[in-house]
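So in the numbering used here, spot 63 of the sequence shown is number 241, and the numbers just go up one at a time.
A short worksheet on the structure shown next.
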Amino acid sequence: METRDSNWWKESVVYQIYPRSFQDSNGDGVGDLRGIINRLGYLKDLGINVIWLCPVYDSPNDDNGYDIRDFYKIQDEFGSMEDMLELITQAEAYGIRMIMDLVANHTSDEHAWFMESRSSKESPKRDWYIWKPGNEGQEPTNWESNFGGSAWEYDEISQEYYLHCFSKKQPDLNWENPEVRQSIFSMMDWWIDRGIAGFRIDAITFIKKNQQFPHLKSEDDRRYVPLAEACLNQSGILDFLHEMKQEVLEPRNVMTVAEAPGVPIEQIHEYVDEQNGVFNMIFQFDHVDLDAKPMAKGIYHPWKLTEFKHALSKWQIETANKGWMALFMENHDHVRSVSKFGNDGIYHKESAKMLAAYYFLMRGTPFIYQGQEIGMTNYFMASIEEYRDIESLNYHRNETALGRPEADILNYLAIRSRDQGRTPMQWSSEPMAGFTDGEPWIHVNPNYSSINVEEELQDGNSILHFYRELIKLRRDNKALIYGDYHEIYVDSNELGGYVRTYGKECWTVICNFTDQTIPLTDPLEGYVVLSNINNHDDGLLKPYEALICKGEKNADAAAI
Ligand code: GLC
Ligand code: CA
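Below, the structure is given as structure tokens:
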């Protein structure tokens, strides 16, 4: 095992698995642990060395496993604890470490803790969750849940309301209670003892609530106001997180990546500074949320390339000397990146590779979401019947009630729904994309006949091969891991890129984000090591072309 300051998590490439949609092994239409075990060879060949496994704990699946009923049990649909332990051991044999999702902001309402808590006001676990009496026959506050509607649910049994930042089947734990914190910490220890290498920490910036429980001011006449102002990254949260660090993270020396929306850039060091921070790295969402106006769900917000680049670059700059970022373009809560930031039509291949080159070699640990490596795309679901995601379904219901036309709602879901990232992994051109022999739990994207792993394994020019090359390039060149980052083409709405310098080495990544050919005014620094097209012409960039060049640092390298 590594020493405490070992950097293995910086040198790793992480692959995110959303188990429901990855690989079904028994024909019930739901991906499972056995399916993942069967695909470890594929992941090893891809070159990744860490898997982030989304929740596989026992759950009634209101939010696909993010509503945990029992932290110490595997959900039947996914397999058994033996399967889980086998997955950890087998992955290790392939040189792959496992990190699990840690969902600690809330549990399922079917969790034994909550059942006890709701049983009566006198229950010893009453204070494990957040209970309040009504306010003149109304909810205690006007807070809106992240999944729409009131964040409070009235409970007939004990005649009070409980708080849920997400669905009403995800009651929030009361982190003010030290017993709650200890129970979470010992659960973390239990899983580390089972051989996992760390955690992706879910929704962690929600654990602290403003204890005044204020009424929030509304900008419009909607009844509920997004609860972020009272529940997201509230002052005092770092005390809880430092306790977690002291009790578990530091002594057990595990890898951590926290889902941390709401952390302002000025505060990043408090979260990820290597000495004084709490986590190894965080996910920030500025780039993937560019098209949604903050705090106003359902309103499309047009964006420019300069904004997209800045949304990534500013974190690079802020963490240049201290701290580290998690680099990603997609996950199970977001749409497919080639559809959103690239061109999923005629330049599908080029633009998927270009996006890969652009984010992958920044300073941080790259994450690949299942299917991203073959360029999986969004697809238009023509009816709400095709959707499964609770957030999307709630959204549809609430907007319909507000009188919004069906077509508008479906158009919005097509570009924002979490289900866009949850269609089954496309393994082959066989029926159901080789994902299942049965009826999949959610529609397979019909383009699986041309976009699939089998096809891309055979095509040396595929997106999949390009990812393999990028992974190898990063692994073999410390400059691409540790080098300084310097952005180029900052003001361009067509080109993006950066220089990584390390000792004498100087690497340049240049990307064309448009479907036009663009002349390059400056000569390239050094020679082209990797490109996403076969016929690079000097002096110009073809549509969606990306170039990775290696050169030697010289006096004017920084002046490109
Ligand atoms: C995180 C997860 C998301 C889930 C939510 C509530 O944002 O990524 O999928 O719905 O937390 O647990
Ligand atoms: Ca199955």
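Yeah, the Cβ is synthetic: ideal placement off N, Cα and C, and Gly gets one too.
Minimum C-alpha distance to residue i - residue among the options
i: VAL432; options: GLN694, ASN710, SER184 and SER709; result: SER184
i: ASN355; options: PRO480, TYR307 and TRP368; result: TYR307
i: HIS510; options: ILE629, TRP187 and PHE200; result: PHE200
i: PRO318; options: SER297, GLN462, ALA290 and GLN389; result: GLN389
i: ILE821; options: THR555, HIS574, MET554 and ILE552; result: Outside the modelled stretch of the chain, which goes from 179 to 738, sits residue 821, for which no answer is possible.
i: LEU705; options: THR692, LYS731 and GLU270; result: Here residue 705 turns out to be Tyr, not Leu, going by the sequence shown. Cα-wise, what sits closest to TYR705 is LYS731.
i: SER607; options: GLY599, ILE214, LYS347 and GLN636; result: GLN636
i: PRO311; options: GLN337, GLN453 and MET293; result: GLN337
i: GLY625; options: PRO609, ASN639 and ASP615; result: Strictly speaking, residue 625 in this sequence is Asn, with Gly absent from that position. The option with the nearest alpha carbon to ASN625 is PRO609.
i: SER203; options: ASN239, GLY213, VAL228 and TYR196; result: GLY213
i: GLY674; options: GLU584, ARG646, GLU264 and TYR537; result: TYR537
i: SER323; options: TYR478, PRO349 and TYR557; result: PRO349
i: LEU588; options: MET603, SER570 and ARG600; result: SER570
i: ASP615; options: GLY209, GLU634, LYS188 and LEU410; result: GLY209
i: GLY549; options: ILE277, HIS342, ALA611 and GLU665; result: ALA611
i: PRO404; options: HIS342, ASP261 and GLY455; result: HIS342
i: HIS465; options: GLN453, GLU508, GLY476 and ALA498; result: GLU508
i: GLY376; options: PRO238, ASP254 and MET459; result: MET459
i: ALA504; options: THR679, PHE545, ILE374 and GLU528; result: PHE545
i: SER627; options: GLN694, MET603, ILE696 and ILE568; result: MET603
i: GLU421; options: ILE374, GLU633, TRP502 and SER364; result: SER364
i: SER515; options: GLY501, ALA534 and THR497; result: ALA534
i: ARG372; options: MET293, GLU270, ASP399 and HIS714; result: GLU270
i: GLY178; options: LEU490, LEU483, GLU703 and ALA489; result: This structure cannot settle anything about residue 178, because the visible part of the chain is limited to 179 through 738.
Integer-rounded CB distance, given that residue j should sit under 8 Å from residue i
i: ASN331; j: TYR340; result: This sequence places Glu at residue 331; Asn is not what is there. Yes, GLU331 and TYR340 are in contact; Cβ-Cβ is about 6 Å, under 8 Å.
i: GLN598; j: ARG541; result: Going by Cβ atoms, the distance from GLN598 to ARG541 rounds to 29 Å, so no, they are not a contact pair.
i: ALA657; j: TRP685; result: 6 Å
i: MET259; j: ILE252; result: 5 Å
i: ARG594; j: VAL513; result: 7 Å
Within-8 Å CB hit, residue i to chain B
i: HIS342; result: Among the chains of the structure shown, chain B does not appear; only one protein chain is present.
Near ligand 1: residue i beta-carbon under 7 Å from a heavy atom
i: TYR557; result: no
i: PHE344; result: yes
i: GLY470; result: Reading off the sequence, residue 470 comes out as Ala, not Gly. The answer is no for ALA470.
i: TYR235; result: no
i: VAL441; result: no
i: VAL466; result: no
i: HIS512; result: no
i: ALA381; result: yes
i: GLU322; result: no
i: GLU260; result: no
i: GLU421; result: no
i: VAL192; result: no
i: GLU508; result: no
i: GLU150; result: No information on residue 150 is available, as it lies outside the stretch 179 to 738 that the chain covers here.
i: TYR307; result: no
i: VAL281; result: yes
i: TYR244; result: yes
beta-carbon residue i near ligand 2 non-hydrogen atom, thresh 7 Å
i: GLU288; result: no
i: GLY209; result: yes
i: ASN239; result: no
i: ASP206; result: yes
i: SER570; result: no
i: ASP202; result: yes
i: GLU255; result: yes
Beta-bridge pairing of residue i - partner residues as DSSP gives them
i: SER709; result: LEU725
i: MET433; result: GLY376
i: PRO697; result: LEU718
i: PRO544; result: LEU505
i: TRP685; result: ARG678 and LYS728
i: TYR663; result: ARG678
i: MET554; result: Per DSSP, none; premise fails for MET554.
i: MET532; result: Partner(s): none; MET532 has no beta bridge.
i: TYR196; result: None, per the DSSP bridge assignment.
i: ASN690; result: LEU673
i: ALA470; result: TYR478
i: PHE461; result: GLU437
Runs of alpha helix (DSSP H) wholly within the segment 287-357 (minimum 4 residues, chain order): 290-297
Could you pull out every unbroken alpha helix (DSSP H) segment of at least 4 residues lying fully inside the segment 363-429, listed in chain order? 406-409 and 415-422
Length at least 3, wholly inside the segment 216-292: the beta strand (DSSP E) runs in chain order: 228-231, 248-252 and 275-281
Let me know the beta strand (DSSP E) ranges lying completely inside the segment 608-668, each 3 residues or longer, listed in chain order. 662-666
Start-end ranges of the alpha helix (DSSP H) lying completely within the segment 552-588, minimum 4 residues: DSSP runs (the alpha helix (DSSP H)) wholly in the segment 552-588: 568-579.
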